[in-house]
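All remarks here apply to the structure that follows.
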Amino acid sequence: KAGVTQTPRYLIKTRGQQVTLSCSPISGHRSVSWYQQTPGQGLQFLFEYFSETQRNKGNFPGRFSGRQFSNSRSEMNVSTLELGDSALYLCASSQPPGHSSYNEQFFGPGTRLTVL
Amino acid sequence: DAKTTQPPSMDCAEGRAANLPCNHSTISGNEYVYWYRQIHSQGPQYIIHGLKNNETNEMASLIITEDRKSSTLILPHATLRDTAVYYCIVSLKNNAGNMLTFGGGTRLMVKP
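Protein sequence lines, in the order shown, are assigned to chains A and B. First residue of the first sequence? That's 23 in the working numbering, and the numbers climb one at a time after it. First residue of the second sequence? That's 10 in the working numbering, and the numbers climb one at a time after it.
As structure tokens, this is what we get:
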């Protein structure tokens, strides 16, 4: 079956703009998590969604937000972009909580965001 | 979640076994050891996980010491396509959330 898909793959924005990234999980996966990867900070957890509800949130400012739709697709939004937001944004999906494989995450290829 | 320590880089000859160590001396009794890898320009890929018994799947074997303070991921016959950054992560296996804490990982270079 198809893997996790993320769109767009590449994006260039300027400071102060906002951006919305999209993630479609593997069919049947209902938990979606987002991560930010930068050379300086490595891979950091942003948030997790299940059943259209945010379950957990990492240590990021309120400019970072997300949502999940009834079909499990998820979007994340970053408002008032800063240069430091330039990163690879990764989406991961997994089976729903309660499933034996819930904690095994499958990652998409990421969206590379460049803020100028 | 417990912290892990991995060597920053390792080399391995193609066709030989790659043994990637990980120290997790503060692991608690209900925390699992997970391994992921990230090939250049791709998202991380789940490899294997275990609690205290050794585990094997089609990708790798995971050996966890009896005191659970360290583990080794074994790629039995490394290929050039196994060149990647390998992350050892210690995490609870529960329904409270999927919050992987990635460290620096080990950059494995498989050489011909």
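For glycine and all other residues, C-beta sits at the position ideal for the given N, C-alpha and C.
Exercise for the section: Pick helix, strand or coil for Leu60(B), following the three-state DSSP scheme. Expected result: coil
Practice task
Name the residue from Ser46(A), Trp56(A), Ile34(A) whose alpha carbon lies nearest to the alpha carbon of Leu109(B).
Solution key: Trp56(A)
Problem - Meets three-Cβ-pair contact criterion under 8 Å: the segment 62-76 of chain B and the segment 13-23 of chain B - result: Contact fails: fewer than three Cβ-Cβ distances are below 8 Å.
Problem - DSSP three-state assignment for Asp20(B), whether helix, strand or coil - result: strand
Practice task
Please list, in chain order, all residues of the same chain as Ile57(B) whose beta carbon is under 6 Å from its beta carbon, the five residues on each side excluded.
Solution key: Trp44, Glu64, Asn66, Ala69, Leu71
Practice task
May I have the straight-line CA-CA distance separating Asn107(B) from Leu103(A), to the nearest angstrom?
Solution key: 26 Å
Problem - Neighbourhood of Arg116(B) by C-beta, 6 Å cutoff - its chain only, sequence neighbours within 5 removed - result: Ser18, Val94
Handout entry: Closer than 7 Å at the beta carbon, the chain B residues around Leu112(A)
Key = Under the 7 Å cutoff, chain B gives Gly52.
Practice task
Identify each residue in the segment 32-48 of chain B for which the Cβ-Cβ distance to at least one residue of chain A is less than 7 Å, and report them in chain order.
Solution key: none
Handout entry: Limits of the beta strand (DSSP E) - the one that Ala109(A) falls within
Key = 109-116
Problem - Uninterrupted beta strand (DSSP E) stretches inside the segment 34-110 of chain B (no shorter than 3 residues) - result: 40-47, 54-59, 70-73, 79-84, 93-101
Handout entry: Endpoints, beta strand (DSSP E) assigned at Val100(A)
Key = For Val100(A), the enclosing beta strand (DSSP E) stretches over residues 96-100.
Practice task
Find out if the Cβ-Cβ distance for the pair Val41(A), Cys113(A) is shorter than 9 Å.
Solution key: Their beta carbons are not under 9 Å apart, which means Val41(A) does not touch Cys113(A) by this criterion.
Practice task
Within the same chain, show all residues whose beta-carbon is closer than 8 Å to that of Gln117(A), passing over the 5 residues directly before and after it, in chain order.
Solution key: Gly50, His51, Arg52, Ser53, Ser123, Tyr124, Glu126
Practice task
State yes or no: is the beta carbon of Leu105(A) nearer than 9 Å to at least one beta carbon in chain B?
Solution key: no
Exercise for the section: For the beta strand (DSSP E) holding Gly64(A), just list the boundary residues, first then last. Expected result: 64-72
Problem - Cut-off 8 Å between Cβ atoms - residues of its own chain near Tyr41(B), not counting five sequence neighbours on either side - result: His58, Gly59, Leu60, Val99, Ser100, Leu101, Lys102
Handout entry: Opening and closing residue of the beta strand (DSSP E) in which Asn28(B) lies
Key = 27-32
Exercise for the section: Can you say whether Tyr96(B) is buried or exposed, counting buried as having 16 or more other CB atoms within 10 angstroms of its CB? Expected result: buried
Practice task
Could you check if Ser50(B) is buried or exposed, using at least 16 other CB atoms within 10 Å of its CB as the buried criterion?
Solution key: exposed
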